[in-house]
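In what follows, a structure is listed as C-alpha cells, so that the remarks can point back to it.
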Amino acid sequence: MKDEPAPLLELAGARAAYGPIEVLRGVDLRVEAGSVVALLGPNGGGKSTTMKVCAGLLPLTGGELRLAGRRVNGLAAEDAARLGVCSIPEGRGIFPNLTVRENLWVATRTGTRLRDMEEAAYTRFPMLGERRDQLAGSLSGGQQQMLALSRALGTAPAILLLDELSMGLAPMIVTQMYDTVAQLVAEGLSVLVAEQFARAVLPIADTAALMLNGRVVSVGTPGEIEDHLSSGYLGG
Amino acid sequence: MTTFLTFTLLGLVLGAVYAIAASGLVLTYNTSGIFNFAHGAQAMLGTFLYWQLAHGWGWPVWLALVVVVGVVGPAMGAALHAVIMKGLRDTADVTRIVVTVAIMLGMVFLSQWLWHPEEARVVEMFFGADAKVEFLGVVVRVHEIICLLVAAAIAVGLRMLFTRSRVGVVMRGTVDDPDLIRLNGHNPDRVAALSWAMGSTLAVLAGILITPIGGGALEANALTLLVIDAFAAAMFGRLRSIPRTFAGAMVLGLAATYVTAYFPTDWTWAGNLRVSLPMIILFVVLVLLPQDRLRGAAVRTRERYRVPTVRRAAVWGVALVAAVVLLMPLMEDTSITTFGLGMTFAIIALSLTLLTGYAGELNLAPLAFGAVATIVAFHFGITGTGLAARLTLWGILLAVLVAAVVGGLVALPALRLRGLYLALATMAFGVFLSNMVLRDTVEHTLFGVTFSLFPNGALIVPPLQLGPLDLRDPGTLLISATALFAAIAVGLVALRGSGYGRRLAAMKDSPAATAMLGQDLVRLKFGVFMLSAAIAGLGGVLMSTAAGSVSGENFAIMAGLSLVMLTVVGGIGYVSGALFGGLMSGVGFVIIIGTFNDLARATPEMATIYQTLGQVVLVATALIGMGVGKNPSGLVHDLFDGYRTLRGARPVLAGGAAAGAVLYLLALTGVIGNWWFAILTALLVMTLPALGRALMPRAVLTEEELARRRSVPPELAGIDEPYTDELRDRLDQELGLPAREGRGGPHARPAVEEGDVHAIA
Amino acid sequence: MPLLETRGITVRFGGNLAVDEVSVGIEPGRITGLIGPNGAGKTTLFNTVTGLLRPDAGQVLLDGADITRLPPARRARLGLARTFQRLELFLSLSVRDNVRVAGDIRRAGGHRADVGKETDRVLELTGLSDIADLDVSGIPTGRARVVEVARALMTSPRVLLLDEPASGQTEAETDAFARLLTGLAADGLAICLVEHDLPLVMRLCSTIHVLDYGAVIASGTPREIQESPQVIAAYIGTEEVSA
C-alpha cells in the first residue's frame, strides 16, 4: 500500500439537483494540495453548481464530497468556510451596501486581527485603501473582485474556490486578476477555479477539467484540454 | 411659546418611544423577512411582567428592569426565532403574517389569563410622576427625560453596532446576501436569532416607557395596539432604514401632541383623531411610496389547495343545510341564536377565502367592512319602529355596495405594492375605524345636518324581513344564514373554476407572468378586493341583526384578526375553512369559555381547574395558529386528504356514518347531552381517517406509504420491534409470499404454513 | 422591416453597464438568436423589451410604434409574449389551466373566442395533450418549458421572446421543440431565442446577435458567427483556436 496523501478536496460521483432538476450527474474531481484546477465548459454545464456543492451551499443528492480524505457530505457552508474552504461566488463576491472596510470585516473569523487584515489588503491593492470608506457597490467590477479576493485571503484559506472571476470584466482586467491569482498560487495556495473564459485561466492551471451536461467529460493538462475546447463550446 | 415648547417636548418624548419600538420592528424584518405583528404584544407581555415584578411583588425597580429588559426580552425574542420564525422559510407572505398575528393573539390571551383584565394595574413613571425638572420655563418629568435619553442612546448604540462592530456589519451583510454571509463562515440563523432578541428587547423597553405616558391602567389590547402605532414610523423608512424610522417616529409623536394641543376643543373629532393619527399617517405614507418593481419570483411555497367541482360543492352545501336542520331540534333557543351568529361570521370568513385563498392578498380587518355596512344599514335601511322595525332588502344592498366602495378606497393605495402593504393598509383602516367611527357617539353638525355615526355607542339593528321571510325567529335566521353561506360558498367555488378564478390564481402564483400575458394586475386586485369587502359587508350586517345590538367591541380589530387566523388555521383555500374559522371565532370561543364556566359553577371544588382549562383552550387556539407555519394548507386540507384516502375503504366510511347516526339518535332522545354529542361527533370525524389506516391499510395507504411502512428490514422484525401480525404480513410480502384476504385483525389470517404451500407451488 | 426593434437600449445597475446601446431587430417569420456568455445582458435586454425594466436610454419599437414607456400588460396586448429563464408557471393550476388562463385574460379584455377550443388546439400543437390534466408543479422541467411556450402562444402573439427554453430538456424534447419553433416561424411569428445550446441556435436561427459585456459584438448568419474571431474570443479566450 502506497501512502499517498489524500487530495485536499475531492468529489466522487457527486450528484446534485435543484428541486426535481438534476444538474450534476456524477462528477469526479480532485484538487491536490498546492495545485490549481481549472473547471471549464460552456454555460449550463454544471460548473457553478459544482462550486456550490464544494462550498456547501447545495447538498449532494448522491456521491461524496471529501476534504483531506474525510467525507463531509452535508457540511454547512458556514462550517466549510471555517474549515478553510473559502469561496468567491459568481459575480457577487461583495456586499454592495457595505463599505470596502466593512466588506473586509465580514471575513471568516480565523483569529486574524481586523487591522492586520485591512493592512494586508490595502498593501496588496492600494486603490482599495484609497476607497476604504466608499460603498463597495460603487466600485468598478475589477475593484469589486479585488475586494472579494482580499477578503478571502485575509482568512488564510486552505483552498480558494473561484467562480467566474471574469464575469462582466474587461479582458485586460481579467488578465490582471489571474496574474494576481498566479502570485497567490506561487505562495502555495490551492485553487479550484470555474471559468468559461478558458484562455485566461489555462496558463495558471496545473490541471483542467471540461464539464458538459453535468459531468466532467475530460481531465488533463491545460494543453490537452485546450484541443477539445472549441467543439465543447460551440458544438462546431 | 412655552405651551408650544412643552407640547413639542412631549411630542418628541412620544416620538422617542415610537422610535424605540419601530427600530426593533425594522431590525427583525430586515434580517428575517418577517414583519412581526406580534411586536406590540411582546411589548405588552414584557410590561405586564415588569408590573408584576416591580409592583405586584415589590421588587426594586432596577432589578425588575434588569430581569425584564435584560433577560426576558432577549430570551423571548430568541425563543420566538428558534421555535417559530426559523420554520417560516418558503412560506407565503400570508402564512408569515398569520403566524405573527397568532403569536400576538396568543400573547394577549396569555396575559389576560395570568393577569385578570378586570383588575386595575398602574405602571408608575420612573422616579414618580412628580419628579420634574424645569428647563427654559418648560416643566419636564424625569421619566420623559429618561425616554429621550434612552432613545438617543439606542440611536447611537444601533449606529455604533451597525458601523463599528463586526457583528453589526455581518447583520447588515445578511440583509444583502445571506448566502455570501454563510460563505464567510457566519450563520445567518444566528444573526437572525440575535436580531430577534434585540427586537424583542426594544419592544419590551418601549412598552415599559410608554405605558405611564399614556396614563391609565394597564390593558392588554390597548397596549398592544399602542405599540402597533410604531408600524407607521417604520413605514417612513420603508421598513429598511433605521435613521428614517427615527425621523418618522418624531413626526408621528409631534403630530399626535399638536393635534391634542391645537385642534379646537369644540371640534368633536379631535380626541379620536389623536388616537387614530398614526394609522392615518401610515395610510398617507402608503399612498406616497413608489411602486414596487415587478420581478419574476414564482416562489415554490408549501401551501397547496385542491379545488372541488361545483357539483361536489353544491352537494356539500345542501348537506350542510340539512345537517343544520337536523341539529335544530337538539338545541335550545339561545344556542340557535348563537349558532346563527356563528354562521354570519362564517359568511364574513368567506370574504377571506376569496381574497386570500384565491387571490393571495390579505385583509386583516374583515370586520371593519362589516361595521361600515352595519352603519349604513342602520342609518338608511330600516323601516318601522320599535318591535315592528325591520331591515329592508334595499338597506342591505346599499350597505353591501358602500362596503365594497369603501373597500376599494382602502385598498387602492396599497395595490401597487406587495401583499404585506395591503395587509398593513387594511389593519390601519381597522384600527382607524375602531377609534374614529365606532367611538363616534357624540353628535356633529356638518353642512347643517346633525348626526352621529355610532349613536349611544350601540346600534340596534332589527332583523331583515323579506316578504314572508322574517328573520326575527332565531331558527329562521340560522337556516337562512346557513343557506346563504352555502350559496355564497358554492358561488365562490364556481368562481374559482371560472376564467376569473384562474386569473386570480395566476396572479397569486406569478404576478410577473400574469402581467406578461396582458393582465392589468392593479385592476384585478382592485376588483377582487371590492368583491371581498362586499361579502364581508353582507356578513357583517347579518351578524349585526343576529346579535340584535352591536357596539364597537363587536368589530374590534382583535376580533377581526382572530377571525383571519382561525380561517387560515381551518384552510384559507377552502370554503369549508371559512366555515370552521367563522364558527370558531364567532361562537366557538364563547361556547368553550361558557361551558367551562358552567362546569366551574356546577362543581365548585373543581372551579379553578375548569377556568384554567378555558384559558388554556384560548391560548391553545393561538398555538394552532402559530402551527400554520408547519402546516400552511390548513386543517380541512388534512381532513380532506384523510377522507380522500378512505374512498377505497367503504366499510370504514359506512361504519363512521352509522356511528354518527347512533350518536344523533342518542342525543335526540336525550340519552346523551348535546355536549357529549358535539364532542363525540367531532372525535369521530377527526379520527375516522386514522381508523381507516389502522383497520384497512391496503385500501387506504398508497404504494409509497406502504413501502415506507416496510422500511424496517424484515430480518430485524421481532428484534427492533414487537413481532406483530402486521409485521408477519410484511415479511410475507418481502419474501414474495402471496398476499391474503382479510388482513388486519390478529386472527383474520390463516396459518403461515398455507402461505408456504403457495410459495412452493 | 423588423417587427420588434430596440434602438440604443442602455441599462445600468448602479455603476455596472448591463446593456450598452443595443440595437437589434426581430423580423416576422424568422427565428433570431441572441447569444453570449453568462452575464452578457441577454435577460436584462428581455426584461427591458417586455417592460419589467425601464431602460436608462434608448427605445423599444413594436411595429414602428414606441412602446418604451408602456407597462408590461399593455405591451402584451400589443402582441409581445415571452417565457422566463427561471420558470414562472402558475403552480396551483393544471397544465391545461396554465395555458387556458392566458385566453381568459384576453377574453376579459374584450376578445371574443372560444377559449376552451383554442386551449385544446395550442396543447395539441405543442404536444402537451397527454399531460394536460396534471398539476403543473409535478411535471419535469423540459416539459414545463413547453408549457410556458404554450401559454405564450395562447395570447396569439406577434413576437415571441424565449429565454433559454431548451435548458432542462432531453434530446428528444429539444428535437420536438425545434420542430415546433420552425413551424411557428413558418406561420409568420417573429421569434427571438436566447439559448445556451449553441448547436440548437445554429440550427434554427437565420440571424444571430452576440452580446458580450452588454454590447452587441457580432451579428450575422450562423456560419458567420461560428467563424467570427470575436465570438470565439468572447466564449473561449483571446486566441484563435482550431477545432
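Protein chains in written order, with this note's numbering: chain D, 29 to 264; chain L, 573 to 1333; chain X, 808 to 1050. Glycine included, C-beta positions come from ideal geometry on N, C-alpha and C. Please read all numbers here as calculations on a predicted model, not as lab measurements.
Look at residue i and residue j and say whether their C-beta atoms are less than 8 Å apart.
{"i": "LEU810/X", "j": "ARG965/X", "result": "yes"}
{"i": "ILE1164/L", "j": "GLY1186/L", "result": "yes"}
{"i": "SER194/D", "j": "GLU223/D", "result": "yes"}
{"i": "THR933/X", "j": "ALA957/X", "result": "yes"}
{"i": "TYR877/L", "j": "TYR1146/L", "result": "yes"}
{"i": "LEU824/L", "j": "GLY587/L", "result": "yes"}
With a threshold of 8 Å between beta carbons, is residue i in contact with chain C?
{"i": "ARG988/L", "result": "The structure shown has no chain C; the protein chains it does contain are D, L and X."}
For residue i, decide whether its Cβ has a neighbour in chain L, counting only Cβ atoms nearer than 8 Å.
{"i": "PRO185/D", "result": "no"}
{"i": "ASP863/X", "result": "no"}
{"i": "ASN101/D", "result": "no"}
{"i": "VAL922/X", "result": "yes"}
{"i": "VAL134/D", "result": "yes"}
Just the C-alpha distance for residue i and residue j, rounded to the nearest angstrom, thanks.
{"i": "LEU987/X", "j": "GLY112/D", "result": "50 Å"}
{"i": "ARG881/X", "j": "VAL906/X", "result": "19 Å"}
{"i": "LEU212/D", "j": "ALA236/D", "result": "18 Å"}
{"i": "GLN162/D", "j": "ALA937/L", "result": "45 Å"}
{"i": "ILE1343/L", "j": "LEU1005/L", "result": "Lying before the first or after the last residue shown, residue 1343/L is absent from chain L, which here runs from 573 to 1333."}
{"i": "ASN1169/L", "j": "PHE1161/L", "result": "12 Å"}
{"i": "GLY1073/L", "j": "SER1157/L", "result": "27 Å"}
{"i": "HIS688/L", "j": "LEU682/L", "result": "10 Å"}
{"i": "THR910/L", "j": "VAL710/L", "result": "56 Å"}
{"i": "ALA1128/L", "j": "LEU939/L", "result": "8 Å"}
{"i": "ALA819/L", "j": "ASP751/L", "result": "32 Å"}
{"i": "GLY1227/L", "j": "GLY889/L", "result": "23 Å"}
{"i": "ASP1045/L", "j": "LEU959/L", "result": "13 Å"}
{"i": "ALA794/L", "j": "ARG736/L", "result": "38 Å"}
{"i": "ALA804/L", "j": "VAL982/L", "result": "16 Å"}
{"i": "VAL856/L", "j": "ALA1131/L", "result": "25 Å"}
{"i": "ALA1250/L", "j": "LEU1190/L", "result": "19 Å"}
{"i": "SER1049/X", "j": "TYR206/D", "result": "For SER1049/X, the predicted model reports a pLDDT of 34, less than 50, meaning its position is unreliable and no value from the coordinates is stated."}
{"i": "PRO947/X", "j": "ALA1000/L", "result": "44 Å"}
{"i": "TRP1248/L", "j": "ALA1254/L", "result": "10 Å"}
{"i": "LEU926/L", "j": "GLN173/D", "result": "49 Å"}
If you measure from the beta carbon of residue i to each beta carbon in chain D, is any gap under 8 Å?
{"i": "PRO844/X", "result": "yes"}
{"i": "HIS951/L", "result": "no"}
{"i": "SER901/X", "result": "no"}
With 8 Å set as the bound, which would you pick, yes or no: does the beta-carbon of residue i sit closer than that to a beta-carbon of chain X?
{"i": "GLY1039/L", "result": "no"}
{"i": "GLY195/D", "result": "With the sequence shown as reference, residue 195/D is identified as Met, and Gly is not the correct amino acid for it. Chain X, which has a Cβ nearer than 8 Å to the Cβ of MET195/D, makes this yes."}
{"i": "ILE116/D", "result": "no"}
{"i": "GLY69/D", "result": "no"}
{"i": "GLY72/D", "result": "yes"}
Is residue i near the ligand ATP, with its Cβ less than 7 Å from a heavy atom?
{"i": "LEU1114/L", "result": "Among the components modelled here there is no ligand, and therefore nothing to report on the ligand ATP."}
### Message
Does the stretch 1192 to 1207 of chain L come into contact with the stretch 1127 to 1139 of chain L, if we say contact requires no fewer than three beta-carbon pairs (one atom in each stretch) closer than 8 Å?
### Response
Between the stretch 1192 to 1207 of chain L and the stretch 1127 to 1139 of chain L there are three or more C-beta pairs closer than 8 Å, enough to call the two in contact.
#### Entry: Interface positions of the stretch 1080 to 1092 of chain L facing chain X (Cβ-Cβ less than 8 Å), listed along the chain
Answer in chain order: LYS1080, ASP1081, SER1082, ALA1084, ALA1085, THR1086, ALA1087, MET1088, LEU1089, GLY1090, GLN1091, ASP1092.
### Query
Of the residues that make up the stretch 729 to 741 of chain L, which ones have a beta carbon closer than 7 Å to any beta carbon in chain D?
ARG738, VAL741
### Query
Does the count of Cβ pairs from the stretch 953 to 968 of chain L and the stretch 895 to 915 of chain L closer than 8 Å reach three?
Contact between the stretch 953 to 968 of chain L and the stretch 895 to 915 of chain L is absent, because fewer than three Cβ pairs lie under 8 Å.
### Query
So does the stretch 923 to 937 of chain L actually touch the stretch 1059 to 1079 of chain L, counting three or more Cβ pairs closer than 8 Å?
yes
### Task
Decide if the stretch 942 to 952 of chain L is in contact with the stretch 1025 to 1033 of chain L; the criterion is three or more beta carbon pairs, one per stretch, under 8 Å apart.
yes
### Query
Name the residues in the stretch 162 to 189 of chain D whose C-beta lies less than 8 Å from a C-beta of chain X; which are they?
GLY165, SER166, LEU167, SER168, GLY169
### Query
Going along the stretch 596 to 619 of chain L in order, which residues come within less than 7 Å of chain D, judged by CB to CB distance?
none
### Query
If contact means a Cβ-Cβ distance below 9 Å, which residues of the stretch 960 to 978 of chain X contact chain D?
Within the stretch 960 to 978 of chain X, GLU971, SER974, GLY975 place their CB atoms closer than 9 Å to a CB of chain D, listed in sequence order.
### Query
How do the stretch 243 to 252 of chain D and the stretch 95 to 104 of chain D stand: do at least 3 beta-carbon pairs fall below 8 Å, yes or no?
no
### Message
Between the stretch 1174 to 1181 of chain L and the stretch 1201 to 1208 of chain L, can you find at least three pairs of beta-carbon atoms closer than 8 Å?
### Response
no
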